[in-house]
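Asks:
6 protein chains.
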Amino acid sequence: MPAEEHRNASPAAPHPPTDTAEEAIWLWTQIKAEARRDAEAEPALASYLYSTILSHSSLERSLSFHLGNKLCSSTLLSTLLYDLFLNNFSTDPDLRAAASADLLAARYRDPACVSFSHCLLNYKGFLACQAHRVAHKLWTQSRRPLALALQSRISDVFAVDIHPAAKIGKGILFDHATGVVVGETAVIGNNVSILHHVTLGGTGKFGGDRHPKIGDGVLIGAGATILGNINIGEGAKIGAGSVVLIDVPPRTTAVGNPARLVGGKEQPTKHEECPGESMDHTSFISGWSDYII
Amino acid sequence: MPAEEHRNASPAAPHPPTDTAEEAIWLWTQIKAEARRDAEAEPALASYLYSTILSHSSLERSLSFHLGNKLCSSTLLSTLLYDLFLNNFSTDPDLRAAASADLLAARYRDPACVSFSHCLLNYKGFLACQAHRVAHKLWTQSRRPLALALQSRISDVFAVDIHPAAKIGKGILFDHATGVVVGETAVIGNNVSILHHVTLGGTGKFGGDRHPKIGDGVLIGAGATILGNINIGEGAKIGAGSVVLIDVPPRTTAVGNPARLVGGKEQPTKHEECPGESMDHTSFISGWSDYII
Amino acid sequence: MPAEEHRNASPAAPHPPTDTAEEAIWLWTQIKAEARRDAEAEPALASYLYSTILSHSSLERSLSFHLGNKLCSSTLLSTLLYDLFLNNFSTDPDLRAAASADLLAARYRDPACVSFSHCLLNYKGFLACQAHRVAHKLWTQSRRPLALALQSRISDVFAVDIHPAAKIGKGILFDHATGVVVGETAVIGNNVSILHHVTLGGTGKFGGDRHPKIGDGVLIGAGATILGNINIGEGAKIGAGSVVLIDVPPRTTAVGNPARLVGGKEQPTKHEECPGESMDHTSFISGWSDYII
Amino acid sequence: MPAEEHRNASPAAPHPPTDTAEEAIWLWTQIKAEARRDAEAEPALASYLYSTILSHSSLERSLSFHLGNKLCSSTLLSTLLYDLFLNNFSTDPDLRAAASADLLAARYRDPACVSFSHCLLNYKGFLACQAHRVAHKLWTQSRRPLALALQSRISDVFAVDIHPAAKIGKGILFDHATGVVVGETAVIGNNVSILHHVTLGGTGKFGGDRHPKIGDGVLIGAGATILGNINIGEGAKIGAGSVVLIDVPPRTTAVGNPARLVGGKEQPTKHEECPGESMDHTSFISGWSDYII
Amino acid sequence: MPAEEHRNASPAAPHPPTDTAEEAIWLWTQIKAEARRDAEAEPALASYLYSTILSHSSLERSLSFHLGNKLCSSTLLSTLLYDLFLNNFSTDPDLRAAASADLLAARYRDPACVSFSHCLLNYKGFLACQAHRVAHKLWTQSRRPLALALQSRISDVFAVDIHPAAKIGKGILFDHATGVVVGETAVIGNNVSILHHVTLGGTGKFGGDRHPKIGDGVLIGAGATILGNINIGEGAKIGAGSVVLIDVPPRTTAVGNPARLVGGKEQPTKHEECPGESMDHTSFISGWSDYII
Amino acid sequence: MPAEEHRNASPAAPHPPTDTAEEAIWLWTQIKAEARRDAEAEPALASYLYSTILSHSSLERSLSFHLGNKLCSSTLLSTLLYDLFLNNFSTDPDLRAAASADLLAARYRDPACVSFSHCLLNYKGFLACQAHRVAHKLWTQSRRPLALALQSRISDVFAVDIHPAAKIGKGILFDHATGVVVGETAVIGNNVSILHHVTLGGTGKFGGDRHPKIGDGVLIGAGATILGNINIGEGAKIGAGSVVLIDVPPRTTAVGNPARLVGGKEQPTKHEECPGESMDHTSFISGWSDYII
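Protein chains in written order, with the UniProt record's numbering: chain A, 1 to 293; chain B, 1 to 293; chain C, 1 to 293; chain D, 1 to 293; chain E, 1 to 293; chain F, 1 to 293.
1. Kindly identify the DSSP beta-bridge partner or partners of C/Arg-260.
2. Taking 6 Å as the limit between beta carbons, can you name the residues of its chain near A/Pro-249, skipping five residues before and five after?
3. Taking 8 Å as the threshold (C-beta atoms), are C/Tyr-50 and F/Ala-46 in contact?
4. Check the DSSP bridge columns for C/Asn-231 and list the partner residues they point to.
5. Should C/Asp-209 be labelled buried (16 or more other beta-carbon atoms within 10 Å of its own) or exposed?
6. DSSP three-state call for D/Thr-269: helix, strand or coil?
7. Kindly indicate which three-state DSSP category D/Lys-237 falls into: helix, strand or coil?
8. Mind the definition here: the segment 76–84 of chain F touches the segment 69–86 of chain A only if three or more C-beta pairs lie below 8 Å; say whether that holds.
9. Considering only their Cβ atoms, is the gap separating B/Phe-85 from B/Ala-106 smaller than 8 Å?
10. Tell me the DSSP bridge mates of E/Leu-219?
11. Name, going along the chain, the residues of the segment 243–257 of chain A whose beta-carbon falls closer than 9 Å to a beta-carbon of chain C.
12. If you draw a straight line from the alpha carbon of B/Pro-258 to that of B/Ser-242, how long is it in whole angstroms?
13. What would DSSP say about B/Lys-137, mapped onto helix, strand or coil?
14. Helix or strand or just coil, what does DSSP make of A/Gly-125?
15. Using three-state DSSP, classify B/Asp-175 as helix, strand or coil.
16. State the CB to CB distance for the pair D/Ala-236 and D/Lys-170, rounded to an integer number of angstroms; the pair is presumed to be in contact (CB under 8 Å).
17. By the 10 Å Cβ neighbour count, where 16 or more other Cβ atoms means buried, how is D/Thr-203 classified, buried or exposed?
18. For my contact list, C/Ile-188 and C/Ile-168 are in at a C-beta cut-off of 8 Å; report their separation, rounded to the angstrom.
19. Give the residues of chain D in contact with A/Leu-77, contact being defined as C-beta atoms less than 8 Å apart.
20. Using a Cβ distance threshold of 8 Å, determine whether the segment 35–44 of chain A contacts the segment 38–45 of chain E, with at least three qualifying pairs required.
21. Find out if the Cβ-Cβ distance for the pair C/Thr-252, C/Thr-269 is shorter than 8 Å.
22. Less than 8 Å between the C-beta atoms of residue 330 of chain E and E/Cys-129, yes or no?
23. Any C-beta of chain I within less than 7 Å: which residues of the UniProt domain "Serine acetyltransferase N-terminal" (27–131) of chain A qualify?
24. Can you tell me where the alpha helix (DSSP H) holding E/Thr-91 begins and where it ends?
25. May I have the straight-line CA-CA distance separating B/Lys-137 from B/Asp-83, to the nearest angstrom?
26. Could you work out which residue in F/Val-180, F/Tyr-48 and F/Trp-139 is closest to E/Gly-223 when comparing CA atoms only?
27. So, are the CB atoms of A/His-163 and A/Val-182 less than 8 Å apart?
28. Beta carbons nearer than 7 Å to chain B: which residues of the segment 210–233 of chain C have them?
29. From A/Asp-156, A/Ala-112, A/Lys-124 and A/Leu-120, pick the residue whose C-alpha is nearest to that of A/Arg-61; which is it?
30. Could you check how far apart the C-beta atoms of B/Ile-246 and B/Ile-230 are, in whole angstroms? I think they sit under 8 Å.
31. Could you give the C-beta distance for A/Glu-34 and A/Ser-100, rounded to a whole number, given that I count them as a contact under 8 Å?
32. With C-beta atoms as the reference, is D/Ile-25 less than 8 Å away from D/Ser-117?
33. Specify the secondary structure class of D/Lys-170 as computed by DSSP and reduced to three states.
34. Could you tell me whether any Cβ in chain F is nearer than 8 Å to the Cβ of E/Ala-165?
35. How far does the alpha helix (DSSP H) with B/Leu-59 in it extend, from its first residue to its last?
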């Protein structure tokens, strides 16, 4: 996500250094400053902010603590999960970079996101995604029962059901997130924004590659259902409530149930911007010819 | 809700005094009587009924206790939340009146609601809404981090995600409630009924007024997605699964994806009754011209 | 479910004896062997596997323990729930047979289900369904407040909201399950597969028989909304995201919002296979005439 | 304990039938009546009384529930312990008879014990003793690691440390109980009363029979330390704070540190009554020749 | 406790205003300042300090929160106990004054007590005593089953067993406190210091007035056992490990098992200072004639 | 502790390599083997053994996990404590060596200790001591509020109250441990054995060096009270229930209240063996001239 765009999109939000190495430090500094400010303003929340953020020495420790406490159960203890998360986050820079990119995505794309700590603490989509990344890593290490147990906890606690084998890029915003389902062979590119109740589902009872592939910069509206091993081209936009069973070309918009391309199948209207970042959900209305109330 | 209508709608249910001041007392008396009857009939549930209802001296205490125990986590203790809820409910008669109106709404509109205590204890939509009202009050007092933390807990526990800035009237029924999403600048009038998976969503990544305004007496069917700063006129009905991006006139019915007005855009059929209270989900079928199986 | 079909569908999965009496023993033996293998391979999960499966002497004890710990709250203790579940599962062979049939359904229909223990431990749809069966039994014994309290816990914990009066057959797969809503007078036959966000909803605020009747072998795609006292004929298929308000004939496919029959209302295409078991979600595309991207 | 003696000792307390078979029923009936009366008088406690007593169908279920919830930890779940206790109490009439005898002992010997339910719910000595009886049974079945884990939980929760191999009779009152330590080869007879901080300890680091043997009807005062494989004769009395390293003859009184026999070593004063039941702690004063302030 | 004496005893400790009305405010201000300093110096403890002290608006709220969380169990919820404590502390100035006096007693008498917040948070003797004061109030209001349930929780959690009927003055220091037992008819005066394992016990199994009466300013050493309805005169000192069965005159010292008066029974040595405040445990050695090693 | 002595004392127990570096590895291997054997023999305990021992890669991880879960509370979370313990144990070889020495001490001195894992999991004295060592380290690092909070948790959970400033050597056995109190300036040497209810207490309300110094190899019997800045010489033995206020010479035995030296003050009997290791509690009887029953 170019810093330039950040500035345009949300001028009030502070911006990270362009140097990647410094970004993580900057981000953690921001988060601690936000938490300190909020703890001072709201004593009733200070204990929560200290335990989740201010008592920790790094974002990965804070995140591991928060996920361990959120996802634990009487049979999967918080200490076990904390240990698992911390081991993974502290040894894998890719996991940390993805978490940072996701925090930035929420902060700059979602106007309701008032701070990085707001996302870190409160966004079930963000938390589910970070926990999924660890589950995915376990899956690739053939630690499948543990990965599946994590998936189950994420689904119970956040109502977000992502198969641990699914591949998810960076800079992802799962907004609201309740009810998201992502299947085993699904692939999600970078800088994708996915609203709640979105399904990336399979077809039939046979295994193999059977789930959607979502290109970079795609925006998928609330309640959209995308089924089968199909491609949603980079920069495409899927309208809320759409049911998509066939490929969608890059930078086009598919809407409706059954979904159609805005502008028509032969000459679909192409947009320039990256909807996964602009989050423009509804500008296709004028092109949706039979949308009439 | 006029008592007269109550009687018609659900003759078996007991009815409150028409005098507002007496209604709260009557309601709490009813709830305790129900709980006492159930505790006697079902010893396995008696402990639960005593701790949640029968040991308390008022509805606000019972509700604060129940919400505190439902929404607490290992980092947000039940005692802290109980204190927060009790402080608000005991000092703000509007919060109490809204809770009473919502209890009556569930009891008289939902035929599956067998008693007031059934709603008080078991309806996640009711509980999420009361907790939201407190979060909203905190928001208006500029206690935003605490309000957002509450929103997050409500979303984790009930899968109901209502931004604390959203304004919600009285006599609201969130039926089933799982998956409801209500955005920051949404407004919901009085006597509205909203089924599960309903989204009152925003558009784009810029702030400002960007969510729907729902008039009094509206009924929104399951899975309906309403996006943008549009008006759903008082007494309108939105069919299940509809995707609505444009204003809907009062007392008309919009159905489908994309949504259309029953009777046509030019001369939409107008209904007399208040669908938010009658809960008539499907009577538009005959007017939905291309609905054919 | 004939063993023959199992073999075709998922050749890698082991199959139970055809004799019903031996099936339960075989299944529990399989589950313990899976858990033992996983515990050895993954020490971090061994404690979980021992507490949930390997320390128990039977499937009903394991299931009762797991449900008790999943569904408990600070006001409904795990010991109380464990006792309730164990009393029911150990005295009612129908409940046990249904649990076995549901485990087989998940294992043979869902290619993402890698083992019986995977389903037993991790599938919220499976767990919600077994807990519902106990709630339903309580309902038929006029222990309604307890049944409704269970419904509420299932809805909070699994985001699956099934009225305890609803009648559900055997061999049911609730896949992903988040957001499923099943109303009071709904009936679901045997060998039905229902994806997440499916609503079997009612109409209006009056009581009586007002929810759908789902025939044997039906497949209902993700996000489908079926409203009113209508019949979905045996072996019918409901496309994802469909809104269905009128009867669907046996072995036909209804898709879209509003839903239409594939092949047309007069001569709908009939399929031979049983979609509830084949889980073929998308083969109707070629017959969905106006589905065009 | 003869009913006659009960009547003399504590005329206000109700008395059980002399027939043993009816005693258990009578006792459980008394306990439920007490709990019901207290629940009505004190709504704040009603939930507690219902969950621990009134929701259960028998004393063994109530006791198993209470012990399971008291002794559980994050790594030894209440459901597991409940199951363990219930299996033992429901299949072993000796365990049940001992629990009944201990309840009667507390009720009739301790003037501070106002009801059977008071002892059942609140006496850590009673609860520790019943849990020990189960640990002892496990020990005799060679389930030693589980027995030792129980011992540890009892010591953590109640500060009562009884080795699971220790043999303890019926009608035992551990009054106050904090700090009681009973070693591996200790034996305690019937109708014994032991105050807090009492040690029945061993000698040296070699195994074998190395702990005291306490006869029937003995009373051991607070803080007494009895060490080694010595006999405390039936009906003997050990003064508070005494340190006893040598046999004490029946029906005599040993006091002091080092302990001496009241009346002198050669002709110790013999008492008639049974101090384990009369609980007379201090009548020896006149005979303690050098006790002078 | 005169401020003058405070200054002598512990010059480093800050001192309250002599005006009683201002003392409570001063004390709470001190406690908050201590907690704020510690939270800043130790981030790992900050969450704990905010939740227990810094998020509260008064000492009684902090204390009620802390006691509620310490004494709760799975069957006696923290919210219920918090409510109970808060109701009592906020309506009864005597309870608040006693808590303040006890905090000052610990701070000025115990050299290991480094701050008021140290005592408030960590001294089980202080916490047990405050909870007892509430239990005692309930007892005097004839809410006996609740008072006894509290006694049981205090005994389980703190290993301090004080009968709710026992009367306890102000300015009490229970130092270390483990194992303290105080019987039903015991009375403890003001400015008394009692070490751990001290028993104020009864005699026999008959009711009535049967426990010790402890005068103002008494010091009772560790492990002392005082039995029967006897008087320990004001300013008396009881040596560690003593067993006392007969009255002890004012300002004398009793030591040993059996206890003797230092200086002899006829002309016991009288001391001037108030040992309950000076905490001088061992100055009697020179007067203990037969104490020889 | 010389391996030779181990062999004599407890021939059945396995012995570590004499090389210190290999001892830790050997010990952890033993512990895992014991736990594996017990898990196989007792399925009901397997979950507990896997979570506490078998899922961990080292003794310090197992111990940190176990202490974190034992000592946590609703306001001091297990994840925080686990992190604190793990950071200390994994970076400080002295802490690890002391834990190993303490495990060996329990295994070889206490005939009731059947395995290393028995001590690791179940001995509150062992666990309290290891937690104290961490608290002591925090104290020396001027992290005093955290050290004091740990002390408080140890006192609540284990009824063992050791001031974090107290210095404790290696090879310590706190047997039974309930009620042990160790003051701020106390020092305990190596290979000391201390029974339950032992007090190493201070004198008066003034600070400074005021607690006992316990030499190497000392044995202190149950309930002994040692007060003031006095020396208990190396290899001395303090009888159960003794009250000691004056120095005790090396390799002598002090018994009684008031304590006297066995053999007389002028020519006390000297013993050869090391009572802290031999655990001989009662062989002084023959030398205790006035011990007569």
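Cβ atoms here follow ideal geometry from the backbone N, Cα and C, with glycine treated the same way.
Replies: Taking the coordinates as given:
1. If you number the third sequence from 1, residue 260 of chain C lands on position 260. Answer by DSSP bridge pairing, in chain order: C/Val-255.
2. Position 249 of the first sequence holds residue 249 of chain A. Cβ within range, chain order: Gly-233.
3. Taking the first residue of the sixth sequence as position 1, residue 46 of chain F is located at position 46. Taking the first residue of the third sequence as position 1, residue 50 of chain C is located at position 50. Result yes, Cβ atoms of F/Ala-46 and C/Tyr-50 sit closer than 8 Å.
4. Your numbering for residue 231 of chain C matches position 231 in the third sequence. Answer is C/Lys-213.
5. Counting from one through the third sequence, the residue named residue 209 of chain C turns up at place 209. Exposed, by the Cβ-count rule.
6. The residue given as residue 269 of chain D occupies position 269 in the fourth sequence. In this structure, D/Thr-269 counts as coil in the three-state DSSP scheme.
7. As a first step, residue 237 of chain D is located in the fourth sequence; it is residue number 237 there, counting from the start. If DSSP states are grouped into helix, strand and coil, D/Lys-237 belongs with the strands.
8. Counting Cβ pairs under 8 Å, three or more are found: they touch.
9. Position 106 of the second sequence holds residue 106 of chain B. Position 85 of the second sequence holds residue 85 of chain B. Result no, Cβ atoms of B/Ala-106 and B/Phe-85 do not sit closer than 8 Å.
10. The residue labelled residue 219 of chain E in the question sits at position 219 within the fifth sequence. E/Ser-193 and E/Lys-237.
11. Result list: Val-243, Val-244, Leu-245, Ile-246, Asp-247, Val-248, Pro-249, Thr-252, Ala-254, Gly-256 and Asn-257.
12. One-based indexing of the second sequence puts residue 258 of chain B at position 258. One-based indexing of the second sequence puts residue 242 of chain B at position 242. Looking at the backbone, the Cα of B/Pro-258 and that of B/Ser-242 are separated by about 7 Å.
13. On the second sequence, position 137 is the one that residue 137 of chain B refers to. Three-state result, B/Lys-137: helix.
14. Here residue 125 of chain A corresponds to residue number 125 of the first sequence, with the count starting at 1. Three-state DSSP puts A/Gly-125 in a helix.
15. Translated into positions along the second sequence, residue 175 of chain B becomes position 175. DSSP, reduced to helix, strand and coil, places B/Asp-175 outside both helices and strands of the structure shown, so it counts as coil.
16. Against the fourth sequence, residue 236 of chain D aligns to sequence position 236. Against the fourth sequence, residue 170 of chain D aligns to sequence position 170. That belief does not hold up - the Cβ atoms of D/Ala-236 and D/Lys-170 are roughly 19 Å apart, past 8 Å.
17. Residue 203 of chain D sits at position 203 when you count from the first residue of the fourth sequence. In the assembly as shown, D/Thr-203 is a buried residue. Its beta-carbon has 16 or more other beta-carbons within 10 Å.
18. Here residue 188 of chain C refers to the residue found at position 188 of the third sequence. Here residue 168 of chain C refers to the residue found at position 168 of the third sequence. Confirmed, Cβ separation roughly 5 Å.
19. Translated into positions along the first sequence, residue 77 of chain A becomes position 77. Residues of chain D with a Cβ closer than 8 Å to the Cβ of A/Leu-77 are, in chain order, Ser-74 and Thr-75.
20. Short answer: they don't touch.
21. Locating residue 252 of chain C in the third sequence gives position 252, counting from the first residue. Locating residue 269 of chain C in the third sequence gives position 269, counting from the first residue. Note that the C-beta distance between C/Thr-252 and C/Thr-269 is below 8 Å.
22. For chain E, the structure presents residues 1 to 293; residue 330 of chain E sits outside this window and is missing.
23. Among the protein chains in the structure shown, which are A, B, C, D, E and F, there is no chain I.
24. Position 91 of the fifth sequence, counted from the start, is the residue given in the question as residue 91 of chain E. Per DSSP, E/Thr-91 is one residue of the alpha helix (DSSP H) stretching across 78–91.
25. As a first step, residue 137 of chain B is located in the second sequence; it is residue number 137 there, counting from the start. As a first step, residue 83 of chain B is located in the second sequence; it is residue number 83 there, counting from the start. So the two alpha carbons sit approximately 15 Å from each other.
26. Within the fifth sequence, the letter at position 223 stands for residue 223 of chain E. Scanning F/Val-180, F/Tyr-48 and F/Trp-139 for the CA closest to the CA of E/Gly-223 turns up F/Val-180.
27. Stepping through the first sequence from its first residue, residue 163 of chain A is reached at position 163. Stepping through the first sequence from its first residue, residue 182 of chain A is reached at position 182. Here A/His-163 is near A/Val-182, since their CB atoms are less than 8 Å apart.
28. For the segment 210–233 of chain C, the set of positions with a beta-carbon nearer than 7 Å to some beta-carbon of chain B reads Gly-223, Thr-225, Leu-227 and Gly-228 in chain order.
29. Position 61 of the first sequence holds residue 61 of chain A. For the residues A/Asp-156, A/Ala-112, A/Lys-124 and A/Leu-120, the minimum Cα distance to A/Arg-61 belongs to A/Leu-120.
30. Residue 246 of chain B sits at position 246 when you count from the first residue of the second sequence. Residue 230 of chain B sits at position 230 when you count from the first residue of the second sequence. Yes, they are in contact, since the Cβ atoms of B/Ile-246 and B/Ile-230 sit about 6 Å apart, within 8 Å.
31. Within the first sequence, the letter at position 34 stands for residue 34 of chain A. Within the first sequence, the letter at position 100 stands for residue 100 of chain A. About 15 Å; that fails the 8 Å criterion.
32. Translated into the one-based positions of the fourth sequence, residue 25 of chain D becomes position 25. Translated into the one-based positions of the fourth sequence, residue 117 of chain D becomes position 117. Against a cut-off of 8 Å, the Cβ pair of D/Ser-117 and D/Ile-25 comes out as no contact.
33. Against the fourth sequence, residue 170 of chain D aligns to sequence position 170. It is coil, neither helix nor strand.
34. Numbered from its first residue, the fifth sequence carries residue 165 of chain E at position 165. Judged by the 8 Å Cβ criterion, E/Ala-165 is not in contact with chain F.
35. Numbered from 1 along the second sequence, position 59 holds the residue referred to as residue 59 of chain B. Its alpha helix (DSSP H) spans residues 59–71.
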